[in-house]
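A.B. asks:
2 protein chains.
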Amino acid sequence: MTAPTVCAALADFVAASRWADLPATLRHNARRALLNHLGCAIGVARDPAVRTALAVMRPFSGAATATVVAQGLRLDPMAASFVNAIASNLLDYDDTHLATVIHPAAPVAPPVLALAEQRGLSGAAALHAVLLGIEVACRVGLGVSPGHYARGWHITASAGVFGAAAGCARLLGLTAAQTAQALGIAASQSSGLVENLPTAAKNVAVGNAARNGMLAALFAEAGYEAAPTAIEGPLGWARAMGDVPDVGAMAGELGTRWEAARNTYKPYPAGIVFHAVIDACLELREAIGGDAARIEGVTVAGDALLLARGDRVVRNERDARVSIHHAAAIALTLGRAGVAEFEMPAVDDAALARFRGRVVAQLDASLPRGAARVTLRLADGSEQLRTVIAPRGSLEVPLSDAELAAKFRSNAALGGLEERSDALVAALWSLDEAPSLLPLMRLLA
Amino acid sequence: MTAPTVCAALADFVAASRWADLPATLRHNARRALLNHLGCAIGVARDPAVRTALAVMRPFSGAATATVVAQGLRLDPMAASFVNAIASNLLDYDDTHLATVIHPAAPVAPPVLALAEQRGLSGAAALHAVLLGIEVACRVGLGVSPGHYARGWHITASAGVFGAAAGCARLLGLTAAQTAQALGIAASQSSGLVENLPTAAKNVAVGNAARNGMLAALFAEAGYEAAPTAIEGPLGWARAMGDVPDVGAMAGELGTRWEAARNTYKPYPAGIVFHAVIDACLELREAIGGDAARIEGVTVAGDALLLARGDRVVRNERDARVSIHHAAAIALTLGRAGVAEFEMPAVDDAALARFRGRVVAQLDASLPRGAARVTLRLADGSEQLRTVIAPRGSLEVPLSDAELAAKFRSNAALGGLEERSDALVAALWSLDEAPSLLPLMRLLA
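Line by line, the protein sequences give chains A and B. Using the numbering used here, the first residue of the first sequence is number 1, and each one after it goes up by one. Using the numbering used here, the first residue of the second sequence is number 446, and each one after it goes up by one.
Put into structure tokens, the structure is as follows:
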């Protein structure tokens, strides 16, 4: 007996999974992923990039049956998925599967929610499909990591399309055989380039991952087929993209190893390697009584990745979100690192600019990936030092439910849904009891 | 002064090109490409794969302003492009740029025609945009050939999206700067796998190349940007896909070297390496007075590619289109090699099956790529032999306008538009004088 193909193994798993049989922590993780995802999408509802995506897609929408988050309108499920995926990933403030750097909910959740809304399916069905979609996206991505991203593939989009296909296939009740075809069709739609990450072209690829994953499931439902070895075959997805796939990472230990359980949620809308810098600076601010005027100099030490990513001049919001100097400046002088602290008023603020100039980045190869040590030189000649190995939001120090809800409320306020925050949080925490998504979607409109 | 990026060079060329300044042969080639393209799309209008694509996309269409070829209905330009691209490429009977094996009109023409129909633009504007789109698709593909296809990328889709973007950008009158952004956005949407070519998943990628190229142009028009080096950058399209790009092949000699002039049109709906086999067999049939009963044995000699592709058992239509044995059998016994001769009745025909069994394939490494030598052993013990180096439809022996029109008529009959054949051919030959596409589109509906 030969081993099943990757598509077949993942499809069998997806089609056979039962929500009630899953561990409670995993089911709760699905709720957390959705809460975080929707908050991120709401937070940027007024961003021009999201508004443009909406304007471009609107003439290409069929019957408007799916809510576009915080826009006060609906589009067809494919167009709505496209816009919602773009919104939730816009600031990279969404969830992160650290081993692959996939932001999995952005491509997976929008098409599942859109189809569930259109077809009147339950909250539990949607949560289950989102969880399985996240699992599939992270597994497929893991099997080609880290080479895939390093070679230039924006893995959130390129692996995300498989998760979207799996989630939609499950939601639509496809058979295992149809689900395998959906994954194979998704392989022929995978794209997204790292070269384009500093630009809005990134958004198009993330939006496509969502809508094309849905399309894969719909074509599989309608009888289209794909090569069984579309993922691992000699002329298939992984090798065309430059990798010898790790089939075991993709399709091994199904049901016992859950990549979805390794999904993390960011407390700050900055590159994830800067989170330890921010944590250390927030602690140090407390230690000096909040008086940033006492600080004469700041040294931030980290590994090579931190320095490669973050030792830079800050000219715009994108720079700010990946700057050691800016992260230290806002945390030490303002005591906050929310969305507003990375926007243009903060970038252009003269006092913050001066403070950024006092921050020196320094290599310490002995520090692990993601860690940082911050040293303050104070006016009285003394020094204060903090080292953070596992920042808030990491797997070791996950955000609590209360912290996630606070992040959601803060995003809701940015997106103009402040008054509905409590109702939305309550609806999401109890979503698996909801017979339909309509009450949630009304709140999200 | 540094050289312009590939996106910028191609965009400058596309935006500056003037239809009236182009050589007459090139402008005629645009008409030929469109005639061939539309005929192929009409011919398979009743194929279940096309009907399924239509059924899946129909609920996801906005205002129906663009004709779906030979289906009696319109969809929005994106959905119509998707279906029309699938139809025209379904049998690989469409145009072929031999150096890359791109079928360029399938991804390029549908989005251009759909937008031109929607916006009331002229026949010349559409022809010009199609020609420039074909040029861009073939140039981008040429810069990564042959490694790109060999590694697993279905280049008609993966390079086609650039052509669709360029054609739409030109049609919409985008500036050179916007056109460059469109090409960069297209890079993040490029996909399509060789592993999936034996399946319907191929269609989805070809349809996506058309609709996503349009989307790239629309997003560029709306202000979205991309990395200037999206194609040749260190983490850009070519390298992510596994190639060091030949930038000169992509962006050199613009306006003097025309890849669009190297586009060819197939006389037979079979793999292009089988065309010399068919030509030789048709000639031999003439030589023996059409009496196939005299044939006791057939030897087909060709290079390694012909044997690798074509020495196979024939179980279905797909096998038939890439079978040495089937190609020889139909040409020698029926004297034809049209669409019907590769369909299931022919595959299952007992006499043809017996004849296939009399055909032996033989390596002759001295024959050039695409050539074939066929030897008949006759009942009287004599032999007849023909060698074809350049088959009909090749660059050396292009189909005449009359042959192309005959191919169109034959396709139109298959698609149920027989009565309109003459009017359609006339409309296409004079398309550059048409102030609007509407008369053509009414005939195509």
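Note that the Cβ used here is the ideal one computed from N, Cα and C, for glycine as well.
For the beta strand (DSSP E) holding isoleucine 295(A), just list the boundary residues, first then last.
C.D. replies: As a first step, residue 295(A) is located in the first sequence; it is residue number 295 there, counting from the start. 295 to 302 is the span of the beta strand (DSSP E), which, as asked, contains isoleucine 295(A).
A.B. asks: Put glutamine 623(B) into one of helix, strand or coil per three-state DSSP.
C.D. replies: Reading the second sequence from its first residue, position 178 is the one you call residue 623(B). DSSP places glutamine 623(B) in helix when its eight states are reduced to three.
A.B. asks: Please give me, in chain order, every unbroken run of the alpha helix (DSSP H) with length at least 4 that falls completely inside the segment 218 to 262 of chain A.
C.D. replies: The qualifying runs are 237 to 240 and 247 to 251.
A.B. asks: With hydrogens ignored, establish whether the beta-carbon of alanine 150(A) is closer than 7 Å to any heavy atom of the ligand FAD.
C.D. replies: Because no ligand of any kind appears in the structure shown, any question about the ligand FAD cannot be addressed here.
A.B. asks: Checking 8 Å against the spacing of the C-beta atoms, do alanine 413(A) and threonine 67(A) come in under that value?
C.D. replies: For the purposes of this step, residue 413(A) is taken as residue 413 along the first sequence, with counting starting at 1. For the purposes of this step, residue 67(A) is taken as residue 67 along the first sequence, with counting starting at 1. Against a cut-off of 8 Å, the Cβ pair of threonine 67(A) and alanine 413(A) comes out as no contact.
A.B. asks: According to the Cβ coordinates, are alanine 8(A) and proline 228(A) closer than 8 Å?
C.D. replies: The sequence position of residue 8(A) within the first sequence is 8, counting from 1. The sequence position of residue 228(A) within the first sequence is 228, counting from 1. Yes. Within cutoff.
A.B. asks: Let me confirm a value: proline 712(B) is counted as buried when at least 16 other C-beta atoms fall within 10 Å, else exposed. Which label applies?
C.D. replies: In the second sequence, counting from the first residue as 1, residue 712(B) sits at position 267. That one is buried.
A.B. asks: List the DSSP bridge partners of arginine 837(B).
C.D. replies: Along the second sequence, one-based indexing puts residue 837(B) at 392. Answer by DSSP bridge pairing: none, since arginine 837(B) is not bridged.
A.B. asks: Whole alpha helix (DSSP H) runs in the segment 12 to 61 of chain A with 4 or more residues, listed along the chain?
C.D. replies: Listed in chain order, the complete alpha helix (DSSP H) runs (minimum 4 residues) inside the segment 12 to 61 of chain A are 24 to 43 and 48 to 57.
A.B. asks: I want to know whether the segment 292 to 299 of chain A touches the segment 394 to 406 of chain A - three or more CB-CB distances under 8 Å.
C.D. replies: Touching, no, given that fewer than three Cβ pairs across the two stretches are closer than 8 Å.
A.B. asks: Cα separation between valine 313(A) and aspartate 319(A)?
C.D. replies: By 1-based counting over the first sequence, the position of residue 313(A) is 313. By 1-based counting over the first sequence, the position of residue 319(A) is 319. Answer to the nearest angstrom: the Cα atoms are 7 Å apart.
A.B. asks: Determine whether the Cβ of methionine 695(B) lies closer than 8 Å to any Cβ atom of chain A.
C.D. replies: Within the second sequence, residue 695(B) is the residue found at index 250, counting from 1. No, methionine 695(B) lies away from the interface with chain A (no Cβ there is under 8 Å from its Cβ).
A.B. asks: Taking 7 Å as the limit between beta carbons, can you name the residues of its chain near valine 514(B), skipping five residues before and five after?
C.D. replies: Here residue 514(B) refers to the residue found at position 69 of the second sequence. Only Leu483, Ala486, Ile487, Ala490, Asn529, Ala532 and Leu889 meet the Cβ criterion.
A.B. asks: Work out the CA separation of alanine 816(B) and asparagine 708(B) for me, nearest whole Å.
C.D. replies: Mapped onto the second sequence, residue 708(B) falls at position 263. Mapped onto the second sequence, residue 816(B) falls at position 371. About 19 Å.
A.B. asks: By how many angstroms is the C-alpha of valine 277(A) removed from the C-alpha of aspartate 303(A)?
C.D. replies: Here residue 303(A) refers to the residue found at position 303 when the first sequence is read from its first residue. Here residue 277(A) refers to the residue found at position 277 when the first sequence is read from its first residue. Whole-angstrom Cα-Cα distance: 12 Å.
A.B. asks: Along the segment 521 to 532 of chain B, where does the CB come closer than 9 Å to a CB of chain A? Name the residues.
C.D. replies: If the cut-off is 9 Å between Cβ atoms, the segment 521 to 532 of chain B has Asp521, Pro522, Met523 and Ala524 near chain A.
A.B. asks: For proline 269(A), is the classification buried or exposed, using 16 other Cβ atoms within 10 angstroms of its Cβ as the cut-off for buried?
C.D. replies: Position 269 of the first sequence holds residue 269(A). By the 10 Å Cβ count, proline 269(A) comes out buried.
A.B. asks: Can you find a CB in chain A that lies within less than 8 Å of the CB of leucine 619(B)?
C.D. replies: For this step, residue 619(B) is matched to residue 174 along the second sequence. No, leucine 619(B) does not count as interfacial toward chain A.
A.B. asks: How about glycine 223(A): is its C-beta nearer than 8 Å to some C-beta of chain B?
C.D. replies: Residue numbering aside, residue 223(A) sits at position 223 when the first sequence is read from its first letter. By this cut-off, glycine 223(A) is an interface position.
A.B. asks: How long is the line joining the alpha carbons of leucine 121(A) and proline 435(A), rounded to whole angstroms?
C.D. replies: Along the first sequence, read from residue 1 onward, the residue named residue 121(A) stands at position 121. Along the first sequence, read from residue 1 onward, the residue named residue 435(A) stands at position 435. Leucine 121(A) and proline 435(A): Cα-Cα distance of roughly 7 Å.
A.B. asks: Counting pairs of beta carbons, one from the segment 553 to 573 of chain B and one from the segment 669 to 684 of chain B, are three or more of them closer than 8 Å?
C.D. replies: Segments in contact, no.
A.B. asks: Contact between the segment 418 to 436 of chain A and the segment 658 to 665 of chain B is defined here as three or more beta-carbon pairs at a separation below 8 Å; is this criterion met?
C.D. replies: Contact between the segment 418 to 436 of chain A and the segment 658 to 665 of chain B is absent, because fewer than three Cβ pairs lie under 8 Å.
A.B. asks: Within the 8 Å Cβ cut-off, does arginine 239(A) reach chain B?
C.D. replies: In the first sequence, counting from the first residue as 1, residue 239(A) sits at position 239. Closer than 8 Å to some Cβ of chain B, the Cβ of arginine 239(A) qualifies, so yes.
A.B. asks: In the DSSP output, what is leucine 896(B) paired with across the bridge?
C.D. replies: Outside the displayed range of chain B (446 to 890) lies residue 896(B), so it cannot be described from this structure.
A.B. asks: Straight-line CA distance for aspartate 380(A) to arginine 356(A)?
C.D. replies: Reading the first sequence from its first residue, position 380 is the one you call residue 380(A). Reading the first sequence from its first residue, position 356 is the one you call residue 356(A). Aspartate 380(A) and arginine 356(A): Cα-Cα distance of roughly 21 Å.
A.B. asks: In this structure, does DSSP put arginine 151(A) in helix, strand or coil?
C.D. replies: Your numbering for residue 151(A) matches position 151 in the first sequence. Helix at arginine 151(A).
A.B. asks: How is leucine 75(A) classed by DSSP in three states: helix, strand or coil?
C.D. replies: In the first sequence, counting from the first residue as 1, residue 75(A) sits at position 75. Looking at leucine 75(A) - three-state DSSP - the assignment turns out to be strand.
A.B. asks: Check whether the Cβ atoms of asparagine 534(B) and threonine 601(B) sit closer than 8 Å, and answer yes or no.
C.D. replies: The sequence position of residue 534(B) within the second sequence is 89, counting from 1. The sequence position of residue 601(B) within the second sequence is 156, counting from 1. Yes, they are a contact pair.
A.B. asks: Return yes when the Cβ of valine 585(B) is within less than 8 Å of the Cβ of alanine 607(B), no when it is not.
C.D. replies: Here residue 607(B) corresponds to residue number 162 of the second sequence, with the count starting at 1. Here residue 585(B) corresponds to residue number 140 of the second sequence, with the count starting at 1. One detail in the question is off: residue 607(B) reads as phenylalanine in this sequence, not alanine. Cβ atoms of phenylalanine 607(B) and valine 585(B): closer than 8 Å.
A.B. asks: Compile a chain-ordered list of the residues in the segment 127 to 156 of chain A whose CB is closer than 8 Å to at least one CB of chain B.
C.D. replies: Going along the segment 127 to 156 of chain A in chain order, one finds Arg151, Gly152, Trp153 and His154 with a Cβ nearer than 8 Å to chain B.
A.B. asks: Who are the neighbours of alanine 500(B) on chain A, taking C-beta pairs under 8 Å?
C.D. replies: The residue labelled residue 500(B) in the question sits at position 55 within the second sequence. Residues of chain A passing the Cβ test: Ala222.
A.B. asks: Contact between the segment 332 to 340 of chain A and the segment 360 to 371 of chain A is defined here as three or more beta-carbon pairs at a separation below 8 Å; is this criterion met?
C.D. replies: Because the criterion of three Cβ pairs below 8 Å is not met, the segment 332 to 340 of chain A and the segment 360 to 371 of chain A do not touch.
A.B. asks: For glycine 681(B), would you say it is in contact with chain A, using Cβ-to-Cβ distances shorter than 8 Å as the test?
C.D. replies: The sequence position of residue 681(B) within the second sequence is 236, counting from 1. So yes, glycine 681(B) belongs to the interface.
A.B. asks: For isoleucine 630(B), name the three-state secondary structure that DSSP assigns.
C.D. replies: In the second sequence, the residue the question calls residue 630(B) occupies position 185. In this structure, isoleucine 630(B) counts as helix in the three-state DSSP scheme.
A.B. asks: Quick check on the DSSP output: the beta strand (DSSP E) that includes leucine 376(A) runs from which residue to which?
C.D. replies: In the first sequence, counting from the first residue as 1, residue 376(A) sits at position 376. Looking at the DSSP string, the run of the beta strand (DSSP E) that includes leucine 376(A) is 372 to 378.
A.B. asks: Just curious, the beta strand (DSSP E) that alanine 66(A) is in, first and last residue?
C.D. replies: The sequence position of residue 66(A) within the first sequence is 66, counting from 1. Note, alanine 66(A): beta strand (DSSP E), 66 to 68.
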